[in-house]
Structures are given as structure tokens and as C-alpha cells.
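**Q**
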Amino acid sequence: MLLENKVAIVTGGARDIGKAVSLKLASEGAKVVINYFDNEAQATQTLIEIKAAGGDAIIVQGDMTKKEDVDNVVAQATEAYGDQVDILVNVAGGLVARKKIDEMDLDFFNFVIQLNLNTAFLMTQAVVPLMPKGSSIVNFASQAGKDGGGPGASAYATAKGALMTFTRSMAKELGPKGIRVNSLCPGMIATTFHDTFTATAVREKVAVSTPLGREGRAEEVADFVACLASNQSSFVTGTNIDINGGLMFS
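Residues 0 to 249 (numbering that gives the first Met the number 0) make up the sequence shown, in order.
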């Protein structure tokens, strides 16, 4: 197992890519703290699946834009598994809604930034003091952070671009402590995110335009997270890695 007896916190870890990450880390031997925002049923189902497969996990509700909730997730992690966190995966985030510049107000713009950037900042700040040498942080940026996103996604793309820069900065700052920091930049992955925000015709067009000729799967993203969290990526830090089937090259 790649991650035997490691402790991992996964924000937004109960659905879509987050769920796949939680399941994968647990299957590799990690003890997983699964944060969820509002869908306890999804979180419970993820927990059931992990335990059925012989894994170890807990679920913790919390809004990761709020420091008190972030602190509670970390407190629950240490209560369950001790005063060490080896892996942090910041999946929590979202597009919220597609709005063009003339449709947005400042409150909306700020909320999207908080949801996609501040969450990673708060969790990183809270967890780093508990991380030993050899730990790993994996942030979830997006292809949108590189190409500006689709129509009405400027706030989301801006937040994800900033998260990519935060990733590089933290790699420099935390490298001397032996902590690696990377981000993944998924393209078109088959999730409820795109079920909600991307028209079927657009998805089909993107799939045809992708060199591999299809959408990605959440499990494929999760496999990459496990690699970045493990010693298999012990000399990889500060990277913003494309995972989009070749649709866009860095």
C-alpha cells in the first residue's frame, strides 16, 4: 500500500472527484478524514463504502470558508488519529453559477474567490503545524485557471489561477520543512459539476476535440492524487499538473 497508516484530510471529500479521492486514499491504507458541506447522506455513503472495503475513515461536516469549521475538522482529525496529518487534499470549491461581468456583483465575485481560494489557504494554515517531513498537500485548481474558463466562469477561473500561484508559493515556503505542495488542473471530467454547469452539446464537442476522444473519470484523477500524496512523487513540488486527455498542453 502506498499510504499505509498515513492520515489524510480531504475537503469536499464526499462526492464526485472528492469521493473518488477519499476512496482511493483509503484503499492505499490512509486513514481518511472526509469533510463535507451539506449532504450528510453522500458523506455517510462514502464512509460505508470505505469501511466495507476494510478502510478507516471518519466524516466531519464543515464550511471550509469559515475558520471555526476548518479548526473543527482538524480537531476531529487529531482526536481520531493523533496529532499528525500527512496528507491534505483541498477539493472543496465550485463554480457556483455562470455569470458574465455585467451580471456579477462584488458579493458574488468575493464568494467564488472564498470558496475556491480561501478554503485552501485556511486548511493549509491549520494543517501545516501538524505535518511531518515527507507530507504532501494537493490542491485542486482547474484547466479554467490556465485558459480563463468558459462563458460566465471568470470569477471561478480567477480563483483557480490564484490557487495555482498559491501552490507555487507554498511549495517554496514549505519545501525546507519537507512538505510538498502541488495542484491538479482537471479538464472535462464526468461529474455532477459538468452535469450542472456544462451543456450536453458542449461536453460532446469537447470530448471529440480531446486527443483521447472522451471525458475523464473521477477515478483517474484520484489515482494521480494518490501518487502525489505518496513517496512515488518525493521530488515533485510546485507543479500545476494538467489532467485533461491532451485537450490543453502546458
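Glycine included, each C-beta is placed from N, C-alpha and C at the ideal position.
Less than 8 Å between the beta carbons of A7 and A170, yes or no?
**A** Taking 8 Å as the Cβ cut-off, A7 and A170 do not qualify as a contacting pair.
**Q** Between which residues of its own chain and G237 is the CB-CB distance below 6 Å, once the five residues before and five after are set aside?
**A** Contacts found: R167 and A170.
**Q** For Y35, which residues does DSSP report across the bridge?
**A** BP columns for Y35 point to Q60.
**Q** Near N138, which residues of its chain fall below 6 Å by C-beta distance, leaving aside the five closest residues on each side in sequence?
**A** If we look at N138 and ignore the five residues flanking it on each side, its Cβ neighbours are N89, A119, L162, T166 and S182.
**Q** Can you tell me where the beta strand (DSSP E) with T10 in it begins and where it stops?
**A** Counting along the chain, the beta strand (DSSP E) containing T10 begins and ends at V6 to T10.
**Q** Would you check if the segment 10–20 and the segment 214–222 touch, i.e. whether three or more CB-CB distances between them fall below 8 Å?
**A** Yes, they touch.
**Q** Looking only at C-alpha atoms, which of G177, M63 and G245 sits nearest to Q113?
**A** Here the closest residue by C-alpha is M63.
**Q** Please classify N109: does DSSP put it in a helix, a strand, or coil?
**A** If DSSP states are grouped into helix, strand and coil, N109 belongs with the helices.
**Q** Answer with buried or exposed for S208, where buried requires no fewer than 16 other C-beta atoms within 10 angstroms of its C-beta.
**A** Exposed.
**Q** Taking the alpha-carbon of V31 as reference, which of G147, V73 and D37 has the nearest alpha-carbon?
**A** Comparing Cα-Cα distances from V31 to each of G147, V73 and D37, the minimum goes to V73.
**Q** Is the Cβ-Cβ distance between D15 and F192 less than 8 Å?
**A** The answer is yes: Cβ separation under 8 Å.
**Q** Based on Cα-Cα distance, which residue from D82, G148 and D55 lies nearest to C253?
**A** Within the shown structure, residues of the chain are numbered from 0 to 249, placing residue 253 beyond reach of any answer.
**Q** What does the Cβ neighbour count give for N109, buried or exposed, with the cut at 16 atoms within 10 Å?
**A** N109 is exposed by the Cβ-count criterion.
**Q** Closest to P280 by C-alpha separation, out of G244, N71 and D101, would be which residue?
**A** The chain is shown only over 0 to 249; residue 280 falls outside these bounds and no answer can be derived.
**Q** Kindly list the residues whose CB is nearer than 8 Å to the CB of F107, restricted to its own chain and excluding five residues on each side of it in sequence; keep chain order.
**A** For F107, where only same-chain residues beyond five positions count, the Cβ hits under 8 Å are V95, A96, K98 and A154.
**Q** Considering only their Cβ atoms, is the gap separating D85 from M122 smaller than 8 Å?
**A** Not in contact: M122 and D85 (Cβ atoms no closer than 8 Å).
**Q** Helix or strand or just coil, what does DSSP make of S135?
**A** S135 falls in the strand class under three-state DSSP.
**Q** Out of N239, P175, L246 and F196, state which residue places its alpha-carbon closest to the alpha-carbon of G212.
**A** Taking only the C-alpha atoms, the option nearest G212 is L246.
**Q** What does DSSP give as the partner residues of L183 in its beta bridges?
**A** According to DSSP, which records beta bridges pairwise, L183 is partnered with F139 and I240.
**Q** Name the two residues that bound the continuous beta strand (DSSP E) containing N89.
**A** I86 to N89 is the extent of the beta strand (DSSP E) around N89.
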